[in-house]
Amino acid sequence: MDSSREEEAPVAVLGAGIAGLVAATDLRRRGVPVVVYEAGPAVAGLATSHHDPDGFTYDTGAHFITNRLAEEIGVGDQCRTVRHYGETVWLDGRSYGYPFGLLRVPRFVRSAVTTRLERDLTRRRPTSAADWFRAEYGRALADEVALPLVEAWSGASRDDLSAAVGDKLPGGIASTLALKLAARVSRRAVAIGYCREQPQSPRVWHVYPERGVSTLCQKLADDLGDAVHLESPVEKIVVQDGRVVAVRVGGREEPSAAVVSTAPVNVLPRLVEGTDALDHLARFRYRPMIFVIMRFQGRGLLPDVVTWTPESRFPFFRLTEVPLSMPWLAPEGKTLITVDIGASVGDEHWTMDDEALGELCLDHLIPIIPDAPARYLGCRVLRTPIAYPVFLTEYEDDRRALEESTGVDGLLSIGRNGEFAHILMEDVYWRTRRRIDRLAAQLPTAR
Numbered sequence: 335m336d337s338s339r340e341e342e343a344p345v346a347v348l349g350a351g352i353a354g355l356v357a358a359t360d361l362r363r364r365g366v367p368v369v370v371y372e373a374g375p376a377v378a379g380l381a382t383s384h385h386d387p388d389g390f391t392y393d394t395g396a397h398f399i400t401n402r403l404a405e406e407i408g409v410g411d412q413c414r415t416v417r418h419y420g421e422t423v424w425l426d427g428r429s430y431g432y433p434f435g436l437l438r439v440p441r442f443v444r445s446a447v448t449t450r451l452e453r454d455l456t457r458r459r460p461t462s463a464a465d466w467f468r469a470e471y472g473r474a475l476a477d478e479v480a481l482p483l484v485e486a487w488s489g490a491s492r493d494d495l496s497a498a499v500g501d502k503l504p505g506g507i508a509s510t511l512a513l514k515l516a517a518r519v520s521r522r523a524v525a526i527g528y529c530r531e532q533p534q535s536p537r538v539w540h541v542y543p544e545r546g547v548s549t550l551c552q553k554l555a556d557d558l559g560d561a562v563h564l565e566s567p568v569e570k571i572v573v574q575d576g577r578v579v580a581v582r583v584g585g586r587e588e589p590s591a592a593v594v595s596t597a598p599v600n601v602l603p604r605l606v607e608g609t610d611a612l613d614h615l616a617r618f619r620y621r622p623m624i625f626v627i628m629r630f631q632g633r634g635l636l637p638d639v640v641t642w643t644p645e646s647r648f649p650f651f652r653l654t655e656v657p658l659s660m661p662w663l664a665p666e667g668k669t670l671i672t673v674d675i676g677a678s679v680g681d682e683h684w685t686m687d688d689e690a691l692g693e694l695c696l697d698h699l700i701p702i703i704p705d706a707p708a709r710y711l712g713c714r715v716l717r718t719p720i721a722y723p724v725f726l727t728e729y730e731d732d733r734r735a736l737e738e739s740t741g742v743d744g745l746l747s748i749g750r751n752g753e754f755a756h757i758l759m760e761d762v763y764w765r766t767r768r769r770i771d772r773l774a775a776q777l778p779t780a781r
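All residue numbers for the sequence shown refer to my numbering, where the first residue is 335 and numbers rise by one.
Right, here's the structure in full:
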């Protein structure tokens with residue numbers, strides 16, 4: 335391929351979710367020609383909202399974003415303010431507010447103080463998730479609450495998980511307390527632990543886009559116009575002499591100055607042609623999840639918006655009653671509870687009939703909602719084989735190397751799946767822009 339064609343070639347972006355569309359928008363803003371290839375028939379992928387005839391709204395993907403992100407993308411006038419958000423832990427038959435309710439349990443406090451003193455003396459660096467959580471929270475709280483939840487969410491043993499799992503958690507107790515007080519005074523759901531790329535502040539709160547998170551993607555896609563190609567899956571990323579030169583779409587090779595991929599990183603070894611530099615990424619694991627969205631008569635059935643269930647007697651680890659935060663998602667006098675079940679593709683829960691899965695969840699909800707069967711109005715089920723990255727110690731060095739580079743010139747991997755990172759919507763936005771800064775500096779077409 336001659337140099338003149340290479341200079342004219344666009345950057346190919348794989349995927350029209352939030353990360354891919356932010357990347358494409360940022361490149362175009364810099365004068366870089368760009369083409370977005372989306373395999374599906376619409377932008378946003380799973381991050382869409384569905385409305386049923388009974389007045390329920392079912393969101394897949396994140397339910398809310400921050401006002402800062404909404405304004406940045408230009409959809410602030412299409413969002414509603416979320417007034418409340420809170421979390422509890424169900425343990426030993428009762429509910430404890432997170433995090434401060436747990437801090438009033440004497441055994442948790444004693445264990446935390448003892449552990450902190452030991453940590454200050456030994457200064458031993460944690461090598462696993464088990465080490466990290468015990469050092470941070472104390473053995474009692476870690477073993478009874480945090481680690482069972484981490485194992486249920488990841489499907490891996492606490493001793494096999496990297497200490498980096500703790501990186502996704504919000505900041506210290508003092509800042510959390512200050513932000514919670516600000517939320518109470520302002521009557522807005524101040525965002526706590528939802529962004530690490532930008533400062534937390536009482537001026538940053540949760541909002542809900544009128545059409546769900548797809549509102550953001552549609553706004554970005556509209557600005558890109560015909561640069562977005564739907565139903566156009568990329569079949570191969572072509573590499574020559576260690577550098578990306580083209581993508582193959584519909585059997586044709588399209589020259590590419592660079593490729594920005596949002597695909598799961600363990601797919602890249604099969605997608606890339608002309609190098610084996612990415613073969614080690616094939617062993618990276620993602621956790622499949624089942625989301626059972628249950629409808630009920632009544633509202634306020636859970637202690638708060640999110641209830642964590644660390645005890646092994648429950649088949650689920652998290653319950654979310656979204657209408658406690660966003661009442662408009664269910665008809666008056668009714669509610670939705672989303673049940674999160676960690677799974678493996680093909681296991682007992684994965685292959686269970688939707689109705690039977692709803693009944694299973696219903697039976698196990700009775701200790702928390704005694705009259706749940708009498709209130710139950712049915713459910714719908716979403717299964718996703720790729721939900722959360724699993725940070726195993728066996729490939730921790732490779733994961734950290736991926737943070738710096740894919741190892742192929744001109745190939746950038748972005749987004750939660752592409753970076754293999756525990757990041758939420760706003761972090762995806764800011765991290766993508768930062769990484770595009772670096773990529774654009776290497777392109778001759780950038781202004």
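Where a beta carbon is used, it is the ideal one built from N, C-alpha and C, also for glycine. Every value quoted in this text rests on a predicted model; they were computed, and no experiment measured them.
Apart from the five residues just before and just after residue i, which ones in its own chain have a Cβ nearer than 7 Å to its Cβ?
i    : result
D613 : P603
L726 : A490, D494, L495, S496 and R619
L696 : A706, P707 and Y710
I757 : R750 and R765
R769 : L746 and I748
D557 : T359
V368 : P344, V345, V347, A358, L361, R362 and A561
D674 : M623, F625, F650, F651 and R652
P440 : none
For residue i, count the other beta carbons within 10 Å of its own beta carbon; 16 or more makes it buried, fewer makes it exposed. Which is it?
i    : result
F650 : buried
F434 : exposed
G712 : exposed
A735 : exposed
P723 : buried
Q574 : exposed
G634 : exposed
S445 : buried
P778 : exposed
R468 : buried
P387 : exposed
For my contact list, residue i and residue j are in at a C-beta cut-off of 8 Å; report their separation, rounded to the angstrom.
i    : j    : result
P665 : F390 : 7 Å
V626 : G576 : Actually they are not in contact, since the Cβ atoms of V626 and G576 sit about 46 Å apart, beyond 8 Å.
V484 : L495 : 7 Å
R765 : E531 : 6 Å
I407 : L550 : 5 Å
G632 : T669 : 6 Å
D688 : V715 : 4 Å
V568 : G608 : With 8 Å as the limit, V568 and G608 do not qualify as a contact, their Cβ atoms being about 14 Å apart.
V409 : K553 : 5 Å
Apart from the five residues just before and just after residue i, which ones in its own chain have a Cβ nearer than 6 Å to its Cβ?
i    : result
P719 : P622 and V679
D393 : S383 and G546
G402 : Looking at the sequence provided, one finds Arg at residue 402 rather than Gly. Excluding sequence neighbours, R402 sits near V538.
G431 : T422
Q776 : none
E372 : A350 and L564
R570 : At residue 570 the sequence reads Lys, which differs from the Arg that was named. Cβ neighbours of K570 beyond the five flanking positions: R582 and E607.
Which same chain residues, not among the five before or five after residue i, have their C-beta less than 8 Å away from its C-beta?
i    : result
G749 : G349, G351, I352, A353, G354, T596, V762 and T766
P375 : L564 and E565
Y729 : H614, R617 and F618
G667 : Q631, G632 and R633
Can the beta-carbon of residue i be found closer than 8 Å to that of residue j?
i    : j    : result
H540 : V356 : no
C413 : P536 : no
A346 : V581 : yes
V499 : P644 : no
T654 : I702 : no
R364 : A690 : no
A523 : Q534 : no
L658 : D638 : yes
V599 : F754 : yes
* Asked: Taking contact to mean at least 3 C-beta pairs separated by less than 8 Å, is the region 740-759 in contact with the region 577-593?
  -> Yes: at least three Cβ pairs fall under 8 Å.
* Any contact of the region 554-561 with the region 422-430, i.e. 3+ C-beta pairs under 8 Å? -> no
* Does the pairing of the region 513-529 with the region 480-493 give three or more beta-carbon distances under 8 Å? -> no
* Asked: Quick check: the region 403-422 against the region 450-468, are there 3 or more CB pairs under 8 Å?
  -> no
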